[in-house]
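Structure first, then comments.
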Amino acid sequence: MLLDFASYVLLVMIFYDFSLHFIELMGWQRFFVPRRNIFSYYWPVPNNRKNYTIFWTAYWGIAFVLLLIYACN
Numbered sequence: 065m066l067l068d069f070a071s072y073v074l075l076v077m078i079f080y081d082f083s084l085h086f087i088e089l090m091g092w093q094r095f096f097v098p099r100r101n102i103f104s105y106y107w108p109v110p111n112n113r114k115n116y117t118i119f120w121t122a123y124w125g126i127a128f129v130l131l132l133i134y135a136c137n
């Protein structure tokens with residue numbers, strides 16, 4: 065029971081991170097309110113932001129699909 069709940073929470077967290085990278089990749093940031101937190105000022109900005117976003121979109125997309133398959137079984 066607790067493991068099922070944890071997998072659904074993890075699924076939501078992964079989908080949230082995936083959606084942030086997907087929105088940036090598609091260039092839809094202007095439709096959303098920019099989020100700022102205390103950590104955003106300390107994270108380094110990569111030199112090639114497009115490749116960075118493509119990598120993390122694919123990474124979190126695959127993680128989301130795999131966890132969705134796991135949660136449905």
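Quick note: the sequence shown uses my numbering, first residue 65, plus one each step.
Yeah, the Cβ is synthetic: ideal placement off N, Cα and C, and Gly gets one too.
What you are looking at is a predicted structure, and each value in this text was computed from that prediction instead of being measured.
Rounded distance between the beta-carbons of residue j and residue i, thought under 8 angstroms
i      : j      : result
PHE128 : PHE82  : 5 angstroms
LEU131 : LEU75  : 5 angstroms
SER71  : TYR134 : 6 angstroms
Cα-Cα separation between residue i and residue j, rounded to whole angstroms
i      : j      : result
ASN111 : THR117 : 11 angstroms
TRP92  : LEU84  : 10 angstroms
PHE95  : GLU88  : 11 angstroms
ASN137 : TRP120 : 26 angstroms
ARG191 : VAL73  : Limits of the chain in this structure are 65 at one end and 137 at the other, which puts residue 191 out of reach.
Beta-carbon contacts of residue i that lie in its chain and below 7 angstroms, excluding the five residues immediately before and after
i      : result
ILE126 : none
ILE78  : TRP124, ALA127, PHE128, LEU131
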